[in-house]
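What follows is one structure encoded as structure tokens, with my remarks underneath.
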Amino acid sequence: MSFNRRIWLVLLLVAWSGQSGLRAQETPETEQESQGDQSAYQVKIEGLENNDSLKETIEKISRLIALQSTPTASQAGLLRRVEEDKKRFETALRSDGFYDYTIESEIDDQTAPPTIAIQIDSGLQYKLQDYDIQYDPPDPDLPGAPSALGLRIGMPARAAPITAAQNNLIKLLNDQGYPLATIANQEAVVDHADDSMSVTLTVDQGPKATFGPISFDGFSEVEEAYLHRIANWPVGETFDQRRIDELRQDLLETNLFDSVQIAPITEVDAEGQAAVMVTVVERKARSIGLGVSFSSDDEGFGGEASWEHRNFFGEQETLRFSLEANQIRQEANATFRKPNFIELDQALVLESGLIKQDTDAFEETSINTFAGLEREIDDIWTLGAGGSLEWSKIEDTTSRDTFLIGGVPLFAKLDQSNDLLNPTKGYRINFDTTPYLGRVPSESDTIAFLNNEAQVTGYYSPFNSELVTLAGRGKIGSIVGEATATLPANKRFYAGGGGSIRGYEFQSVGPLDENNDPIGGRSLLELSLELRFRVNETFGVVPFLDGGNVYDDELPDFSEDLQWAGGLGLRYFSAIGPIRFDIAFPINRRSGVDDAFQFYISIGQSF
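Every number in our numbering is 4 more than the matching position in the sequence shown, counting from 1.
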């Protein structure tokens, strides 16, 4: 037993002493590296002064430059670095189409530190003289023109576009019914006599295929029949890889799955069909949301809480309950949305809400319901129509009435922006029109009117960078059919506040009574302009200008000047979207009506 212990002790001592020796050997190099930016040698790369792009590439891949502050153990080690760099430079030159090059190197030990000079003569850049595609077996109907692959005869013979052309060709073949196409061989011949390159590509296109059956795996809460309905799979049609890519995107856009994997096609059966296998990973269907806001006007502190189930019956149905409240308005809503209702890209929407609010313009208690359809016409257009019914008890500055009103809301939306929460490019157009018919039970009167609203927002990044974005908004509204006095106060137009004209109190822009309380009107005009500067990944600064007014006429008649306000905003870009803090100052401030400034805190850009 004691003998074994002595052996073990000796092994430990050897191991310890070995580690100590290793540390001792590393000490000089560590001390050398700690000397800061002192160079062990100088590097001069010459001869590429007329080709900045190539020179930049050479300098980036140079190990001599990268290790300039780290000396080698010997002169032989330095020579190895030089030779390794020359090989890297040769690869870079050939990749950029230079094949008649020379690279010479020299080490000058008489300087302090030593100087390594590398002279590169790239020669002429070779051109692509010919690009020939040969199929096995031959098929004249398959792609053969270099232009279809992103190539042009006479272009520089760079490796990157020639390699990309192979991928482009396989993609074209996949899109035209050949899922098993492969590149069998590529032969590139360089002709130094005329500084050119000729490429011959041999392609095994494999059998032409049609779509076979589709199957799904990995689901448990989502109904399989619904997956097949979304896929709408074209069994028997010519195979097209783009259709598979669209299916993956369609499934991801349901928000039902964390991932969607579609297995590559590896075989075509005897009938020429390619079966498709889709594996999904479901995401959690339930979520709870909380939000807060604050404005210095009458709305004050506000909050929102919501519960949502995004797969209520197993076919992507969304059931959502929400509560919103601030100092002047409290609202409870329930919404049910069933996508792909009767037809694909068509949704059934059911809504019901209870509202109670007390503003300077009116007091309201109302119950409303809505049922309608939304239809996606294409990737940018959405149309909708439905029916609404609303009971409301309203007291404004002149009367107290109960209303029962039915409406037929119609809308059209176009969205060409690049982001839902923080757009930097594109535009959006929204148009809503709703004919209303109702009664005032207390007076046995019938009212009928048409409410129209249109809004356009645009986003432009002038320097092709998201660091600066110019954003603009314009909104116009018109009500025809009834005088302002006979319209329910909650259906009139008002302006002012965080979502309207910042710098003015909520609903305070427009006609006022003798107590400076808002009356509302039948037409509305609002304008906003923002210059959004993104300082870094986290913060942004936004100077802005808002303007607008409300008029008693059916269309803005400019009988009163527009009320303008300017301000400055800060943005914090969080994981849930931009959090904004805006402070705004009335420019043409009305004496006795408007405060010196207003400020707002909320989530999301102002528009």
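Using N, Cα and C, we set each Cβ at its ideal position, and we do this for glycine too.
C-alpha gap between Gly357 and Leu231, whole angstroms: On the sequence shown, residue 357 is found 353 positions in, with the first residue counted as 1. On the sequence shown, residue 231 is found 227 positions in, with the first residue counted as 1. Straight-line spacing of the CA atoms in Gly357 and Leu231 works out to 32 Å.
Close beta carbons around Glu33, own chain, < 6 Å, minus the five adjacent residues each side: For the purposes of this step, residue 33 is identified with residue 29 of the sequence shown, where counting begins at 1. Residue confidence for Glu33 is low, a pLDDT of 36 falling below 50, so the modelled location carries little weight; the figure read from the coordinates is stated next. Answer for Glu33: no residue qualifies.
If you measure between the beta carbons of Gln190 and Leu205, is that distance less than 7 Å? Here residue 190 is taken as the residue at index 186 of the sequence shown, counted from 1. Here residue 205 is taken as the residue at index 201 of the sequence shown, counted from 1. In this structure, Leu205 lies closer than 7 Å to Gln190 by Cβ.
Expressed to the nearest angstrom, what Euclidean distance is found between the alpha-carbon atoms of Leu637 and Val264? In the structure displayed, the chain extends from 5 to 611; residue 637 sits before or after that span and is not available.
Quick one: grab the DSSP three-state call for Asn337. Mapped onto the sequence shown, residue 337 falls at position 333. Strand, per DSSP.
In chain order, what residues of the same chain have a beta carbon less than 7 Å from the beta carbon of Phe7, not counting five sequence neighbours either side? Along the sequence shown, read from residue 1 onward, the residue named residue 7 stands at position 3. Confidence in Phe7 is poor, its pLDDT being 35 and thus under 50, which makes the residue's placement too unreliable to answer from.
Nearest-angstrom Cα distance between Ser224 and Glu347? By one-based count along the sequence shown, residue 224 stands at place 220. By one-based count along the sequence shown, residue 347 stands at place 343. Taking the straight line joining both Cα atoms gives about 24 Å.
Quick check on DSSP: helix, strand or coil for Lys429? Along the sequence shown, one-based indexing puts residue 429 at 425. The answer is coil: DSSP assigns Lys429 none of H, G, I, E or B.
Hey, is the segment 290 to 304 in contact with the segment 209 to 227, meaning 3+ C-beta pairs nearer than 8 Å? Fewer than three pairs of CB atoms, one per stretch, sit closer than 8 Å, so the segment 290 to 304 makes no contact with the segment 209 to 227.
By the DSSP assignment, the beta strand (DSSP E) with Phe603 in it spans what residues? Here residue 603 refers to the residue found at position 599 when the sequence shown is read from its first residue. Per DSSP, Phe603 belongs to the beta strand (DSSP E) from Gln602 to Ile607.
Thinking just about the alpha-carbon of each residue, which of Ile69, Leu97, Ile65 and Arg379 is nearest to the one in Asn55? By 1-based counting over the sequence shown, the position of residue 55 is 51. Measuring from the Cα of Asn55, the nearest candidate turns out to be Leu97.
In the segment 115 to 141, which residue ranges form an unbroken beta strand (DSSP E) of at least 3 residues, counting only runs that do not cross its ends? Counting whole runs of 3 or more residues, the segment 115 to 141 contains the beta strand (DSSP E) stretches 119 to 125 and 131 to 139.
In whole angstroms, give me the CA-to-CA distance for Thr373 and Leu354. Here residue 373 refers to the residue found at position 369 of the sequence shown. Here residue 354 refers to the residue found at position 350 of the sequence shown. One C-alpha to the other measures close to 8 Å.
Those runs of the alpha helix (DSSP H) which lie wholly inside the segment 48 to 76 and span at least 4 residues: Runs found: 56 to 65 and 67 to 70.
Ends of the beta strand (DSSP E) at Pro217? Indexing the sequence shown from 1 puts residue 217 at position 213. It spans Thr214 to Asp221 - the beta strand (DSSP E) in which Pro217 sits, taken as one unbroken run.
Check whether the segment 463 to 477 and the segment 441 to 452 are in contact - that is, three or more C-beta pairs closer than 8 Å. Taking 8 Å as the limit for Cβ pairs, the verdict is that the segment 441 to 452 does not touch the segment 463 to 477.
Continuous alpha helix (DSSP H) assignments of at least 4 residues falling wholly in the segment 195 to 268: Those alpha helix (DSSP H) runs which fall completely within the segment 195 to 268 and span 4+ residues are 228 to 235 and 245 to 257.
Quick one: residues in its chain with C-beta nearer than 6 Å to the C-beta of Gly596, no 5 flanking neighbours on either side, listed in chain order? By 1-based counting over the sequence shown, the position of residue 596 is 592. Around Gly596: no qualifying Cβ.
Skipping 5 residues on each side, what residues in its chain have a beta carbon closer than 6 Å to that of Tyr135? Here residue 135 refers to the residue found at position 131 when the sequence shown is read from its first residue. Answer for Tyr135: Pro150, Leu155 and Val203, listed in chain order.
Measuring only the C-alpha atoms, how far is Ile359 from Phe407? As a position in the sequence shown, residue 359 is number 355, starting the count at 1. As a position in the sequence shown, residue 407 is number 403, starting the count at 1. A straight-line Cα-Cα distance of about 14 Å links Ile359 and Phe407.
Within the same chain, show all residues whose beta-carbon is closer than 6 Å to that of Gln277, passing over the 5 residues directly before and after it, in chain order. To locate residue 277, count along the sequence shown from 1; it is residue 273. For Gln277, where only same-chain residues beyond five positions count, the Cβ hits under 6 Å are Thr214 and Gly216.
Any contact between the segment 540 to 548 and the segment 487 to 505? By contact I mean 3 or more CB pairs, one from each, below 8 Å. Contact annotation: the segment 540 to 548 does not touch the segment 487 to 505, with fewer than three C-beta pairs closer than 8 Å.
Hey, Thr119 and Gln46: beta-carbon distance below 7 Å or not? Within the sequence shown, residue 119 is the residue found at index 115, counting from 1. Within the sequence shown, residue 46 is the residue found at index 42, counting from 1. Yes.
Just how far apart, CA to CA, sit Phe601 and Leu414? Position 597 of the sequence shown holds residue 601. Position 410 of the sequence shown holds residue 414. Roughly 37 Å between the two C-alpha positions.
What is the rounded straight-line gap between the Cα of Asn650 and the Cα of Phe366? Here the chain has residues from 5 to 611 only, and residue 650 is not among them.
Following the continuous alpha helix (DSSP H) through Gln350, name the residue where it begins and the one where it ends. Counting from one through the sequence shown, the residue named residue 350 turns up at place 346. Taken as a continuous stretch (DSSP letters only), Gln350 belongs to no alpha helix (DSSP H), being part of the beta strand (DSSP E) at Gln350 to Asp362.
Residues in the same chain with beta-carbon distance under 7 Å from Arg233, minus the five sequence neighbours each way, listed in chain order, please. Working through the sequence shown from its first residue, we reach residue 233 at position 229. For Arg233, where only same-chain residues beyond five positions count, the Cβ hits under 7 Å are Asn344.
Residue from Pro268, Leu491, Ile137 and Ser57 whose Cα sits closest to the Cα of Leu184: Numbered from 1 along the sequence shown, position 180 holds the residue referred to as residue 184. Of Pro268, Leu491, Ile137 and Ser57, the residue nearest in Cα terms is Pro268.
Who are the near neighbours of Trp12 in its chain, counting only those whose CB is closer than 6 Å to its CB and skipping five residues on each side? Counted from its first residue, the sequence shown places residue 12 at position 8. At Trp12 the pLDDT is 28, less than 50, meaning the model places this residue with poor confidence; the figure from the coordinates comes in the next sentence. Within the same chain, and ignoring the five residues on either side of Trp12 in sequence, no residue has its Cβ closer than 6 Å to its Cβ.
Identity of the residues DSSP links to Gly391 by a beta bridge: Counted from its first residue, the sequence shown places residue 391 at position 387. Residue pairing by DSSP puts Gly391 in a beta bridge opposite Ala375.
Do you know how far the Cα of Arg594 is from the Cα of Glu509? By 1-based counting over the sequence shown, the position of residue 509 is 505. By 1-based counting over the sequence shown, the position of residue 594 is 590. Taking the straight line from one Cα to the other gives about 12 Å.
If you follow the beta strand (DSSP E) that Leu418 is in, where does it begin and where does it stop? Translated into positions along the sequence shown, residue 418 becomes position 414. Leu418 -> beta strand (DSSP E) spans Leu414 to Asp419.
Bridge partner(s) assigned by DSSP for Met281: Within the sequence shown, residue 281 is the residue found at index 277, counting from 1. Its beta-bridge partners are Ser219.
Go through the segment 283 to 332 residue by residue and report every complete run of the beta strand (DSSP E) that reaches 3 residues or more, in order. List check, beta strand (DSSP E) in window: 290 to 299, 305 to 313 and 322 to 330.
If we ignore side chains and look at the alpha-carbon of each, how far apart do Ile398 and Ser512 end up? Taking the first residue of the sequence shown as 1, we reach residue 398 at position 394. Taking the first residue of the sequence shown as 1, we reach residue 512 at position 508. Looking at the backbone, the Cα of Ile398 and that of Ser512 are separated by about 18 Å.
Which residues bound the alpha helix (DSSP H) around Glu94? Translated into the one-based positions of the sequence shown, residue 94 becomes position 90. For Glu94, the enclosing alpha helix (DSSP H) starts and ends at Gln79 to Ser99.
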